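The next block holds one structure in the form of structure tokens; read it before the comments.
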Amino acid sequence: MEDGEQIRSLLAENGRRADDSIDILESALLLAAVAAPDIDLGPYRAHLQSLVDETDTAQELGKPQALQAVLHERHQYAGDVETYDDLRNADLIQVIDRRRGLPVAIGILYIGICRALGWQASGLAFPGHFLINIDEDGRRLIVDPFAGGETRDAEDLRSLLKTVAGVEAELKPHHYAPVSDREVLVRLQNNIKTRAIDRSDFPLAIRAVEHTLLIAPDNLPAIRELGLLQARAGNLRRAVETLEDFLARSPADTERTRTTVLLDRLRRMIN
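Here this note's numbering = 1-based position in the sequence shown + 3.
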């Protein structure tokens with residue numbers, strides 16, 4: 004059983020890897036465990052391996068169909084429609100326990116299983132709802148993990164986009180763009196951060212961003228947001244240190260200018 008420091012060390016080790024070398028399932032499990040270090044991860048790792056093995060056995064059905072059969076039919080994973088904003092839906096340990104989760108959390112199960120089996124799959128940069136692209140004999144299949152693994156065609160995607168982005172929104176090529184596994188993990192953590200901010204739970208929001216930076220240490224927006232959250236929580240000296248780090252790394256842009264102004268104000272407040 005890993006303690007909290009070991010879990011952080013393992014996450015940081017994954018964070019130093021290239022995007023295509025990150026173990027997305029293990030990283031998501033560690034991100035959940037860092038908040039509950041007394042939990043034995045052994046049974047959860049064994050369960051994830053069993054999902055891989057069962058999907059491998061069922062792959063003659065076709066890749067999306069095998070994932071659907073194992074995850075949704077056999078193990079009863081489903082999108083949590085009733086309590087969508089429950090923080091447990093972005094915690095892979097809780098997702099495994101409850102068999103319920105956010106689109107990105109269940110999507111991580113899809114991607115991780117595909118990775119383990121050598122299948123081509125990736126998350127998509129679709130706004131507001133996480134989707135998966137799976138390669139099936141050269142065909143690009145877009146799968147909705149939140150909706151029981153249903154495949155989506157262009158008309159489905161257009162309708163979904165209008166639901167999440169407004170009736171004026173239209174599909175663009177970038178909506179189909181793949182995102183790295185690191186970006187998927189950041190998106191998972193952003194769900195925790197956003198919900199924590201909505202509840203004015205700034206300590207939780209800060210922890211969520213700190214954990215994000217373990218897996219994505221060069222994510223400049225996350226570094227800046229950490230500083231902003233620290234300032235909102237009243238941790239002014241920490242905020243100054245974090246924002247100074249952001250400025251030392253960031254290129255010249257609007258955010259840099261705004262951060263410089265904020266940093267000057269925070270320094271005056273301390274002095």
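Glycine included, every Cβ here is placed at the ideal spot set by N, Cα and C. These numbers were taken from a predicted model, which means no experiment stands behind them.
- Taking 8 Å as the upper bound for CB-CB distance, GLY7 and VAL55 are not in contact here, some 27 Å apart.
- C-alpha of ALA69 to C-alpha of ASP140: approximately 15 Å in a straight line.
- Between the region 89 to 99 and the region 129 to 147 there are fewer than three C-beta pairs closer than 8 Å, too few to call the two in contact.
- Counting along the chain, the unbroken alpha helix (DSSP H) around ASP159 starts and ends at 157 to 168.
- DSSP lists LEU127 as the beta-bridge partner residues of PRO181.
- DSSP lists VAL146 as the bridge partner or partners of THR154.
- Taking a C-beta distance under 8 Å as the contact criterion, ALA255 and LEU191 do not qualify as a contact pair.
- In this structure GLY110 is not in contact with ASN92, their Cβ atoms being roughly 12 Å apart against a cut-off of 8 Å.
- Take the alpha-carbon of ASP156 and the one of ILE145: they are about 7 Å apart.
- Annotation: the continuous alpha helix (DSSP H) that includes ILE273 extends over 257 to 273.
- Counting only runs of 4+ residues, the alpha helix (DSSP H) found wholly inside the region 180 to 213 occupies 184 to 201, in chain order.
- Assigned with DSSP and collapsed to three states, ASP6 falls in coil, not helix or strand.
- In this structure, LEU217 and LEU14 form a Cβ contact; the two beta carbons are roughly 4 Å apart against a cut-off of 8 Å.
- Judged by DSSP in its simplified three-state form, ILE42 adopts coil rather than helix or strand.
- The alpha-carbon of LEU127 is positioned some 12 Å away from that of ARG143.
- Excluding its 5 nearest sequence neighbours in each direction, THR154 has C-beta neighbours in its own chain below 7 Å: PRO67, LEU144, ILE145 and VAL146, listed in chain order.
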